[in-house]
Each structure stands twice: as structure tokens, then as C-alpha cells.
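Just so we're aligned, residue 51 is where the sequence shown starts under my numbering, counting upward by one.
All remarks here apply to the structure that follows.
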Amino acid sequence: MRIAVYPGTFDPVTNGHLDITRRAVKLFDKVILAVAQDNNKNPLFSLQERQELLKEATKDIENTEVRSFSGLTVHFARECGAKAIIRGMRALTDFEFEFQLALMNKKLDPTLETVFLMTKSDFSYISSSTIKWAARLDANISEFVPQNVENALMRKYNKLV
Ligand code: COA
């Protein structure tokens, strides 16, 4: 069974992440979406909230599973029996960070490959941060995130009951 781990902070999951997930399941038998506990990112949503939002958003995507992890991604990937780490690549700005991360992960576990999928152009300019920022300032974010995430953001920012 070809298993891949798709790690991220997912604070919150966006349609960009979902697009990558849908494409990744065509390449692997199973994709484990791995919510990282802490990344020095000071997340808006708790680990449990991020995991629940991701679970709800991916419930219709077959052969996916949502889990959380702490520690190194490569250790978690090995524990899952994964052969690959999936990452989405947006524009040039992502390249340096992703390149460093992939090389570090390769050093930590040479048996694991990082597979990059190019983000669909519709989502290449969005990020979890810009979506949170826009939502806080009352922008309509419905085309960038699943409905449950939009509702959760509205609740966080007290825009809706
Ligand atoms: N379309 C649009 N935006 C996308 C996207 C896509 N397809 N894919 C990612 N993004 C955006 C996200 O919205 C997010 O935006 P933000 O920076 O404004 O929050 C950003 O790209 C990346 O976030 P995310 O996809 O959630 O992942 P991440 O970069 O925060 O995840 C880990 C980093 C979890 C992979 C990394 O920190 C890690 O591996 N941590 C565990 C410890 C470890 O092993 N470290 C490495 C070795 S020392």
C-alpha cells in the first residue's frame, strides 16, 4: 500500500489544501493529513479545532485520514508506514522554505521522498494567513475555504452566531 503523509499547520485548512489532497489521493493509496501540533506559528485555532475542521472538510475525499502529530514529520511518517511527504508549492516565495524542509527531511530519513504538487493557479495567491486577515476585516472568503471553515472563522471573529 502506497501511503503518503501531507503535513501542515492547517490553521485553517483552505481550498488550496483540499485541491492538493484531491490530487494526492490519485497518486497514493492513502493520504494521511497530519496536523502539526506546533510550528512557532501561534495558530488561531487549537490543535483539536484544526483537526476537526480538516476532518469535516475532507470527509468526502476517499482514502484520506486526519491525524495530529508532534515532533518530527519524518518520525510520524515512518510510524504511518509512509513512503512520501506531500507538499503544495505556490510561487517562488515557497521554494526556499520548501527546499530547505525537503532537504532536511531527506537528511533525517533518506528513505522518504518529498512530492511537490503545484498549487492550482486559482489558489496560488491565498494562504491561511491572508484568509484569516481578510475574514477579520469582513471580506467574503467563501471561495477560498470550505463552508465549515468559513463558519468557524466568523465565530472566532464574532461576526456570526
Ligand atoms: N494553496 C494555497 N495556499 C497553500 C497551499 C495551497 N495548495 N498549501 C499551503 N498553503 C499555504 C497555507 O495556507 C499556509 O499559509 P500561512 O503560512 O499563511 O499559514 C502556508 O502555505 C503553509 O502552511 P501549511 O500548509 O499549513 O503548512 P506549514 O508550512 O505550516 O507546515 C510543517 C509546516 C508542519 C510541514 C513543518 O513545520 C514540519 O514538518 N513540522 C514538524 C517538525 C519538523 O519535522 N520540522 C522539519 C525538520 S527540522
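The beta carbon of each residue, even a glycine, is placed where N, CA and C say it ideally should be.
This one's a predicted model, so the numbers in the text were calculated from it and none came from an experiment.
Measure the Cβ-Cβ separation of residue i and residue j and say whether it is below 8 Å.
i, j, result
"Thr59", "Leu83", "no"
"Arg186", "Lys133", "no"
"Val199", "Leu77", "no"
"Leu203", "Pro62", "yes"
"Val81", "Leu97", "no"
"Arg73", "Leu167", "yes"
"Asp159", "Arg128", "yes"
Following the continuous alpha helix (DSSP H) through residue i, name the residue where it begins and the one where it ends.
i, result
"Phe147", "Leu142 to Leu158"
So residue i and residue j are supposed to be a Cβ contact under 8 Å. How far apart are they, rounded?
i, j, result
"Asn155", "Ile135", "6 Å"
"Thr169", "Met139", "6 Å"
"Phe194", "Ile176", "5 Å"
What are the boundary residues of the beta strand (DSSP E) that includes residue i?
i, result
"Val75", "That residue, Val75, is in no beta strand (DSSP E); its alpha helix (DSSP H) goes Asn65 to Leu77."
"Lys80", "Lys80 to Ala86"
"Ser118", "Thr114 to Phe119"
"Phe166", "Glu163 to Met168"
"Val195", "Segment: none, Val195 is in no beta strand (DSSP E) and carries neither H nor E."
"Ala185", "Ala185 -> not in any beta strand (DSSP E); alpha helix (DSSP H) instead, spanning Ser178 to Arg186."
Leaving out five residues before and five after residue i in sequence, what residues of the same chain have Cβ atoms less than 8 Å from its Cβ?
i, result
"Leu68", "Ala107, Thr108, Ile111 and Pro196"
Whose C-beta lies closer than 6 Å to the C-beta of residue i among residues of the same chain, with five residues either side of it excluded?
i, result
"Ile70", "Gly138 and Leu167"
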